[in-house]
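Participant:
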Amino acid sequence: MAFPLLLAAHGVPAWLLKTGFGHSEMYWYRVVERLGRSSLVGATVRDPSRLPEHLAADEHHVDWAGGKGYVATTVGGGCVLGVALASAADDAHLREAYGVFAAEARGVDPEYAPATVNVDGWASTRNAFLAWFPAIAIVLCFLHGFLKVRDRCRKARDLHRRIWDVYRAPSAEEFRRLMGEFQDWCGAQTWTAPVREMLGKLWNKRDAYATAYDHPGCHRTSNAVDRPMNRLCRLMYAGRGLHGHQGSSELRLRGWALLQNFRPYAPRGRKVRKFQSPAHRLNDKRYHEDWFLNLTASTSLLGLGNPKPAIR
């Protein structure tokens, strides 16, 4: 079972698992679904003190049973801690979707209150987190602001470099100063109307971007959530989207997320990695050297039991 699930974690489809290991395609779908019944947060985070202070969140748009679906994804500490399928990306649906993560996190620590969450400019995502964590600070993703400029002038290398020079400012004061100088420089250049519009939005949000400096260690860009969502995008493309009911589709997504948290890192030459997997890195300990035994031990009580002492 360990090797087929390792292949599934890397996007190998069910029909190929059937060819190599027998059973039926639905058998392998249901193996992943059974994993999804466990609490993502409870199975991944075994020590309440390890719940991440800083989060990143976004929605992945998927084809779902001939319509549109939105996979509300929450990442923290390098692990996927929240995955929920919503039929719309408005306030009500996203509040319910991100509420699954909030409930599971408070199942581990009833007092859990993350300090920040990195989001793009979608208001419903921001409102959802504020509804569940009123004291949370919203950190606007700088990468999204840059990409909107870059997509309208891909060959303007000097412009791209100057934007990231502003991003690398060591303090909020320096960030605002460099953004002002950048605005003056842009005013002396000739840009098309779409580029000018996106540049205006970039420097008009300088205060929102500067919020990150008040929270050292927070995610200033959405890279933390983009990486697992890139893998999810490839998985959805290979399977041509989601085809089941909301319950079964969400269970498969949650099972996939657990596999992402516990699957071993790829080897890097002869250098021995300090950590085996994202979950090992987050907890700084594991139950067993074998990744699959570590996964099964973590999900043995659906992630709802009291944390047990790790073997090593």
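Each residue of the sequence shown is one higher than the one before, starting from 1 at the first, in my numbering. Beta carbons are placed, not taken as given, at the ideal position from N, Cα and C, and that holds for glycine. The structure displayed is predicted, hence computed values, not measured ones.
(1) Please report the distance separating the alpha-carbon of Arg312 from that of Ala9.
(2) Under the DSSP definition of a beta bridge, which residues are partnered with Asp63?
(3) Taking only the alpha-carbon atoms, compute the straight-line gap between Gly76 and His54 and give it to the nearest angstrom.
(4) If you follow the alpha helix (DSSP H) that Leu302 is in, where does it begin and where does it stop?
(5) Buried or exposed for Pro309, please, with buried defined as at least 16 other CB atoms from any protein chain shown within 10 angstroms of its CB.
(6) Which residues mark the beginning and the end of the alpha helix (DSSP H) in which Cys186 is found?
(7) Should the region 184 to 191 be called in touch with the region 208 to 225, which here means at least 3 C-beta pairs below 8 Å?
(8) Quick check on Asn283: buried or exposed, where buried means 16 or more other Cβ atoms within 10 Å of its Cβ?
(9) Following the continuous alpha helix (DSSP H) through Leu199, name the residue where it begins and the one where it ends.
(10) Since Glu284 sits in a beta bridge, which residues does DSSP pair it with?
(11) Report the rounded CA-to-CA distance for Ala103 versus Val41, giving the unit in angstroms.
(12) Decide if Asp151 is buried, meaning its Cβ has at least 16 other Cβ atoms within 10 Å, or exposed.
(13) Out of Leu199, Leu235, Ala193 and Tyr237, state which residue places its alpha-carbon closest to the alpha-carbon of Phe146.
(14) Three or more C-beta pairs under 8 Å: does that hold for the region 97 to 115 against the region 80 to 87?
(15) Hey, could you find the ends of the alpha helix (DSSP H) Ile138 is sitting in?
(16) Can Thr221 and Leu35 be called in contact, C-beta distance under 8 Å?
(17) Measuring alpha carbon to alpha carbon, tell me which of Gly20, Val195, Ala279 and His280 ends up nearest Val149.
(18) Tell me whether Val165 is buried or exposed, calling it buried when 16 or more other Cβ atoms sit within 10 Å of its Cβ.
(19) Relative to the C-alpha of Pro48, which candidate in Lys205, Tyr112 and Pro228 has its C-alpha closest?
(20) Let me make sure I understand the geometry here. Which of Trp203, Trp15 and Asp226 has the alpha-carbon closest to that of Asn118?
(21) Would you kindly check if the distance between the Cβ of His219 and the Cβ of Ala137 is under 8 Å?
(22) What residues are listed by DSSP as bridge partners for His54?
Facilitator: Well, looking at it:
(1) Within the sequence shown, numbered from 1, the residue matching residue 312 stands at position 312. Within the sequence shown, numbered from 1, the residue matching residue 9 stands at position 9. Caution is warranted here: a pLDDT of 40 is assigned to Arg312, below 50, making its placement in the model unreliable, and the coordinate value is therefore given only provisionally. Cα to Cα, the separation comes out at about 24 Å.
(2) Locating residue 63 in the sequence shown gives position 63, where the first residue counts as 1. Looking at the DSSP assignment, Asp63 forms a beta bridge with Lys68.
(3) Reading the sequence shown from its first residue, position 76 is the one you call residue 76. Reading the sequence shown from its first residue, position 54 is the one you call residue 54. Approximately 6 Å, taken between the alpha carbons.
(4) As a working note, residue 302 is residue 302 in the sequence shown. Neither: Leu302 is in no alpha helix (DSSP H) and is coded neither H nor E.
(5) Here residue 309 refers to the residue found at position 309 of the sequence shown. Here Pro309 scores only 42 on pLDDT, less than 50, and its place in the model should not be relied on; the value that follows carries that caveat. Burial call: exposed.
(6) Position 186 of the sequence shown, counted from the first residue, corresponds to residue 186. That run of the alpha helix (DSSP H) goes Ala172 to Gly187.
(7) no
(8) For this step, residue 283 is matched to residue 283 along the sequence shown. Its Cβ being crowded by 16 or more others within 10 Å, Asn283 is buried.
(9) As a working mapping, residue 199 is identified with position 199 in the sequence shown. Where Leu199 is concerned, the enclosing alpha helix (DSSP H) stretches over Ala193 to Asn204.
(10) In the sequence shown, the residue the question calls residue 284 occupies position 284. In the sequence as presented, Glu is not what sits at residue 284; that position holds Asp. Looking at the DSSP assignment, Asp284 forms no beta bridge with any residue, so it has no partner.
(11) Within the sequence shown, numbered from 1, the residue matching residue 103 stands at position 103. Within the sequence shown, numbered from 1, the residue matching residue 41 stands at position 41. Taking the straight line from one Cα to the other gives about 9 Å.
(12) Translated into positions along the sequence shown, residue 151 becomes position 151. Its Cβ having fewer than 16 others within 10 Å, Asp151 is exposed.
(13) Start at 1 with the first residue of the sequence shown, and residue 146 comes out as number 146. Of the candidates Leu199, Leu235, Ala193 and Tyr237, the one whose C-alpha sits nearest the C-alpha of Phe146 is Leu199.
(14) yes
(15) Looking up residue 138 in the sequence shown gives position 138. Taken as a continuous stretch (DSSP letters only), Ile138 belongs to no alpha helix (DSSP H), being part of the beta strand (DSSP E) at Ala137 to Leu140.
(16) As a working note, residue 221 is residue 221 in the sequence shown. As a working note, residue 35 is residue 35 in the sequence shown. Cβ atoms of Thr221 and Leu35: not closer than 8 Å.
(17) By 1-based counting over the sequence shown, the position of residue 149 is 149. Looking at the Cα atoms, Val195 is the closest of the given residues.
(18) Taking the sequence shown and counting its residues from 1, one reaches residue 165 at position 165. Looking at the sequence shown, residue 165 is not Val but Asp. The residue in question, Asp165, is exposed, as its Cβ has fewer than 16 Cβ neighbours within 10 Å.
(19) Translated into positions along the sequence shown, residue 48 becomes position 48. It is Tyr112.
(20) Mapped onto the sequence shown, residue 118 falls at position 118. Looking at the Cα atoms, Asp226 is the closest of the given residues.
(21) Here residue 137 is taken as the residue at index 137 of the sequence shown, counted from 1. Here residue 219 is taken as the residue at index 219 of the sequence shown, counted from 1. No, these two residues do not count as a Cβ contact at 8 Å.
(22) Taking the sequence shown and counting its residues from 1, one reaches residue 54 at position 54. His54 pairs with Thr116.
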